[in-house]
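Numbering (UniProt numbering), first residue to last: 1 to 303.
Notes for the one structure printed next.
Below you can see the structure in the form of structure tokens.
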């Protein structure tokens, strides 16, 4: 992964001299470099503990956001195993809110090859690597947060080289050229509106509770999926649904309340920092997506 990132950065510097290239890697997040020795990698502890990993991803996200605010002419490369789709969605929203184009570069390597390479450097215990592979949520180009999606297969290369990365560079340059024809604008789900209302938290509580009640009613009615309450539906969120039938998570009232509290805490922090919020429809949309992507959190807390 990091070898590919280093090669990509070098090639981008050659092809796009007017852009600055900034790599945000795992070592920078949480100052890991000083905690890694020749005999042990502290990331083994992090990826073996869901709470530590969640905190670590938050640190990575903060580093990326800090990099995105530097300049529109900066290409930020996040060198991290972003294998959770909910996390990739958060990164997508963050990039769009800062009016940056986002690209997902997927290193598609068979599990057995990953295990073989890992055995050569002895980085992760076999059981931990197997667990990480089982939790991997493959990016899909049909999902807007995974699009554009560029897939490479390094295990088929004789060695990492410029020729192997040519298709990646071509696609990146095309995206940058298209970007110059029109500025990226935040959509309804990421656009923030400056307000001075003192009842913001009350409004947030009311909207999220409506969504919770709607999910519970839909589940009781035996529906296979849940869309937004009609009062919050518009042309921008008609495709937003929460799957119930095929979900491994049972959305009990206790689970939903826990997710609601967590979501409100995040939104309150944003409001305290920026004094900005989304409109009612976007709050409901983002909360339903938050439930969909973070249902596993309530299972962890309930167990």
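C-beta atoms are modelled at their ideal positions from N, C-alpha and C, and glycine is treated no differently.
Which of helix, strand or coil does DSSP assign to residue i?
{"i": "residue 136", "result": "coil"}
{"i": "residue 202", "result": "helix"}
{"i": "residue 16", "result": "coil"}
{"i": "residue 146", "result": "helix"}
{"i": "residue 107", "result": "strand"}
{"i": "residue 240", "result": "coil"}
{"i": "residue 279", "result": "coil"}
{"i": "residue 79", "result": "strand"}
{"i": "residue 41", "result": "coil"}
{"i": "residue 228", "result": "coil"}
{"i": "residue 223", "result": "coil"}
{"i": "residue 10", "result": "helix"}
Taking just the CA atoms, how far does residue j sit from residue i?
{"i": "residue 284", "j": "residue 96", "result": "19 Å"}
{"i": "residue 269", "j": "residue 118", "result": "39 Å"}
{"i": "residue 227", "j": "residue 63", "result": "33 Å"}
{"i": "residue 130", "j": "residue 103", "result": "27 Å"}
{"i": "residue 203", "j": "residue 233", "result": "17 Å"}
{"i": "residue 18", "j": "residue 73", "result": "7 Å"}
{"i": "residue 212", "j": "residue 253", "result": "8 Å"}
{"i": "residue 92", "j": "residue 169", "result": "20 Å"}
{"i": "residue 154", "j": "residue 208", "result": "44 Å"}
{"i": "residue 26", "j": "residue 60", "result": "7 Å"}
{"i": "residue 69", "j": "residue 176", "result": "18 Å"}
{"i": "residue 113", "j": "residue 279", "result": "47 Å"}
{"i": "residue 82", "j": "residue 89", "result": "10 Å"}
{"i": "residue 125", "j": "residue 145", "result": "31 Å"}
{"i": "residue 5", "j": "residue 106", "result": "11 Å"}
Does the separation of the CB atoms of residue i and residue j fall below 8 Å?
{"i": "residue 289", "j": "residue 215", "result": "no"}
{"i": "residue 251", "j": "residue 287", "result": "no"}
{"i": "residue 78", "j": "residue 24", "result": "yes"}
{"i": "residue 242", "j": "residue 172", "result": "no"}
{"i": "residue 137", "j": "residue 85", "result": "yes"}
{"i": "residue 141", "j": "residue 149", "result": "yes"}
{"i": "residue 219", "j": "residue 244", "result": "yes"}
Say whether the stretch 40-48 touches the stretch 120-137, bearing in mind that this needs 3 or more beta-carbon pairs closer than 8 Å, one atom from each stretch. yes
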